[in-house]
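Note sheet for the following structure.
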Amino acid sequence: MWTSILTATLIITAIALAAGVLLSAASQKLPGNSNQVVDQVDALLPQTQCAQCGYPGCRPYAEAIVSGEVSINLCPPGGDETVQRLADLLGRDPEPLAEAAIVASVAVIDEAICIGCTHCRSACPVDAITGAHQFMHTVIRSECTGCELCIAPCPVDCISMVPMI
Amino acid sequence: MSTPAATYDLGKLYGGLRLPAEKTVSTSLEIQRIPVPDQLVLPLAQHVGEPAHPVVGIGEYVLKGQLLAEPYGSLSAPVHASSSGKVVAIEPWPVSRRFGENAPCIVIECDGDDTPVAPSEDMAPYNSLPPNALLKRILQGGIVGLGGAVFPTGQKLMQATTMPLEYLILNGVECEPYISCDDMLMREQAAEVLGGAQILMHALALDACYVVVESDKPDAIMAIGEALAELGDERIVLKQVPTIYPSGGEDQLVQLVTNREVPSGGLPTDVGCVVQNVGTSAAIYRWICEGEPLISRVTTVTGPGVRSPMNVMARIGTTIADVVSFAGGYNEEAEQLIIGGPMCGKSVTTDRVPLVKATNCVLVLTEKPVYGNEQPCIRCGECALVCPIQLLPQQLYWYACADNESKLRTYGLTDCIECGCCDLVCPSHIPLTSDFRNAKARFQELADEKARAERARLRFESRNERIANEQQQRERELDEQKAAAKKAGPSAIDEILNRRKNKQQDKDDE
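Protein chains in written order, with numbering that gives the first Met the number 0: chain F, 0 to 164; chain D, 0 to 509.
This is the structure we're talking about:
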């Protein structure tokens, strides 16, 4: 009787060991699915690329969220709705927004004042500003995400935000 | 005179309501032609899809039937001049639409001569044309669905030819109260309606057509029957259906006539049917056989607020003010102006709006209908009983209040035809249809937002890629320069410095 118990224990232990080795090898060799989660989180973010969360764009913030290093309430353009959706997706507790939510708006260049310095053009994260050096610039309204990143670099303060209709 | 008997083998229509018809007031007179007005206002978007692009300029003299705006984009229809005159403006003008108040319009000051444009040369008889060419021609006539949905007919037919088809159904079921324009059209222009049916059958390579008329239009049934007997085309069959609102809805009509259910999110072509309004059919006949594009239509001017209710044949672009004054004007009690019928129409605040291709009725009511105060839903389920789509409006209402998009989709909000039956029976006077309309608008908003975010993401990614590429390029160039300098050794650097020194000296000597 003792032998049969011993055999059973040995067999089970051997199977468990083999499975453990296999799984650990797989987890090192095969790519993890965190990329997929990043995609899902990225899809919930508003894609304004405004960097108000402290990361240089929506995808970097999504990566930071998935790695667990930051909280999910740092996206003012997304508002409480986005926090709620992120909480649902990741199984975390929803938190109130760290900063007040902002209304959707777009940047407008006062073209009479613009001196054509191209600073705003290089600051735009989605290439929504067009114009050549020393020529008037303009915002492509349909592509502007309202991130406000073009406002600070402008040396003549000719960019203002207007609410999106 | 004997008429072919209307047939009665029908499918089942779910729900629906029997509404007071109120049609006889406007059917006592024949269709009256409104003379050419002083001014015509032609919106660029009189159809579903993208607005047309103007091809005439301000100050240009245009002739009746001349192309004013050509279709633009994948779904669009052209606009033609309804009479001759001078284009005085292309500007925003109040129009009757579901969303928004003003839309760009071409304004023509008519000279009253009504000079027609020279007829086009390719007026070959329709049955000598291959179906494809015929469809293209229909597209050019500016013809859109005149039942109210104003879908560009040419495109609808082209989509239909990609599917296996069995029946052409001509919709003479004018189920909304007050409206009688299709009734009068069938009474007076039955031959043109059937001529259009023959053209459509040729274009779609079909040999079965039902002309479907509601049972409360005996004169129209008689007229169609007589025209049918004269024509002797055995492919066309007249069918009579009971008078239940909304049996004139496209999917409902298919269900009634063929007993086939159009699948959710599908089209009648999915079950082998193409539905066209009788007015559209007559318009196709006039365009293909007489060369007249869609520049006029029959419209019912009615309601207790109009002095003499009647059906009029009006130029597209005539203002509603002109139309109403032709019908004797408003009486003292007139209160509310509605474009369209009482169920699906839209209330407007000014009669400066033009009559467009979609305008089947101008309704003037004497008092704003008094709805009771809205009260909480008591879950009685009356709305579910009358819903012709078999939806559950009480559940949809719940989820619409909670703005729960996924539930609204599961419960089939996108299939709602906004017929208004649920509103009418609701004992708590909840404006269900307008709630559903708003919820649908919100769907659209969310979809737009999503598309915008997706575009922004792609632009962000491609910008990052471009910046990374530029960086690499610069590094590579720098490396190459460094390598070249190293290869040449220190003597090369001396050489460069000497050359520069010599140059400087040359300059100094001069």
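Think of the CB as a built atom: it goes at the ideal place given N, C-alpha and C, for glycine as much as any other residue.
D:Pro510 (DSSP reduced to helix, strand or coil): Nothing can be reported for residue 510 of chain D: it is not among the residues displayed for chain D, which extend from 0 to 509.
DSSP has D:Asn276 in a bridge; who is on the other side? D:Asn170
Can you tell me whether D:Tyr125 is helix, strand or coil according to DSSP? helix
One question on the structure: do D:Gly14 and D:Tyr244 come within less than 7 Å of each other, judged by their Cβ atoms? no
Alpha-carbon spacing of D:Pro3 relative to D:Arg234, whole angstroms: Note on D:Pro3: pLDDT 46, under 50, position unreliable in the model; no value is reported.
Counting only beta-carbon atoms, is F:Leu96 nearer than 7 Å to chain D? no
May I have the straight-line CA-CA distance separating F:Pro59 from F:Ser70, to the nearest angstrom? 13 Å
Exposure label - D:Ser246; buried when at least 16 CB within 10 Å: buried
beta-carbon D:Val273 near the ligand COA non-hydrogen atom, thresh 6 Å: Absence of the ligand COA from the depicted structure is noted, as is the absence of any ligand whatsoever, leaving it without description.
For D:Leu499, report the span of its alpha helix (DSSP H) as first-last. With the sequence shown as reference, residue 499 of chain D is identified as Arg, and Leu is not the correct amino acid for it. 489-508 is the extent of the alpha helix (DSSP H) around D:Arg499.
So for D:Met162, helix, strand or coil by DSSP? coil
Quick check: the Cα distance between D:Met0 and D:Glu225, rounded to an integer number of angstroms? With a pLDDT of 37 at D:Met0, under the threshold of 50, the modelled position of this residue cannot be trusted, and the question is left open.
Using the Cα positions of D:Tyr329 and F:Asn72, report the straight-line distance between them to the nearest angstrom. 59 Å
How would you list, in chain order, the residues of chain F whose beta-carbon sits under 7 Å from the beta-carbon of D:Ala517? Outside the shown range of chain D (0 to 509) lies residue 517 of chain D, about which nothing can therefore be said.
Leaving out the 5 sequence neighbours to the left and right, which residues in its chain are closer than 7 Å to D:Leu12 when beta-carbon positions are compared? Ile243, Ser246, Gln251, Gln254, Leu255, Pro387
Candidates D:Gly147, D:Glu453, D:Lys502, D:Gly290: which alpha carbon is nearest D:Gly140's? D:Gly290
Pull up the distance between the alpha-carbon of D:Trp286 and that of D:Glu260, whole angstroms please. 33 Å
Within this structure, are the beta carbons of D:Val297 and D:Cys180 separated by less than 7 Å? yes
With F:Thr12 as the anchor, note down where its alpha helix (DSSP H) starts and where it stops. 1-28
Contact set between F:Thr129 and chain D, taken where Cβ atoms lie within less than 9 Å: By Cβ distance, chain D contributes nothing, its closest Cβ being about 12 Å from F:Thr129, past 9 Å.
Cβ of D:Leu67 within 7 Å of Cβ of D:Val55? yes
For D:His79: DSSP bridge partner residues: D:Leu66
Mind reading off the beta-carbon distance from D:Pro53 to D:Ala44? Whole number of angstroms is fine, and I expect it under 8 Å. Not quite, the Cβ-Cβ distance comes to about 12 Å (not below 8 Å), so this is no contact.
With 9 Å as the C-beta to C-beta threshold (strictly closer), list the residues of the segment 109-128 of chain F near chain D in chain order. Cys123, Pro124, Val125, Asp126, Ala127
Neighbouring residues, chain F, relative to D:Phe459 (Cβ below 8 Å): Gln46, Gln48, Gly56, Cys57, Arg58, Pro124, Val125
Have a look at D:Pro19, D:Ile30, D:Ala20 and flag the residue whose alpha-carbon is nearest the alpha-carbon of D:Val300. D:Ile30
In angstroms with no decimal places, state the Cα-to-Cα distance between D:Asn101 and D:Glu90. 9 Å
Can you tell which of D:Glu165, D:Ile178, D:Glu175, D:Pro130 has its C-alpha closest to the C-alpha of D:Met157? D:Pro130
Beta-bridge partners of F:Ser104, as assigned by DSSP: F:Pro162
Measure the alpha-carbon distance for F:Cys149 versus F:Cys119 and round it to whole angstroms. 5 Å
Report back the beta-carbon spacing between D:Met183 and D:Ile223 to the nearest angstrom; my notes put them in contact at under 8 Å. At roughly 13 Å, the Cβ-Cβ gap does not stay under 8 Å, so D:Met183 and D:Ile223 are not in contact.
Contact list for the segment 215-241 of chain D against chain F, Cβ threshold 7 Å: none
Could you name the residues of the segment 129-155 of chain F whose beta carbon sits closer than 7 Å to any beta carbon of chain D, in the order they occur along the chain? Glu142, Thr144
I need the DSSP call for D:Lys135, collapsed to helix, strand or coil. helix
Nearest chain F C-beta to D:Ala487 closer than 7 Å, yes or no? no
Between the segment 372-388 of chain D and the segment 353-361 of chain D, can you find at least three pairs of beta-carbon atoms closer than 8 Å? no
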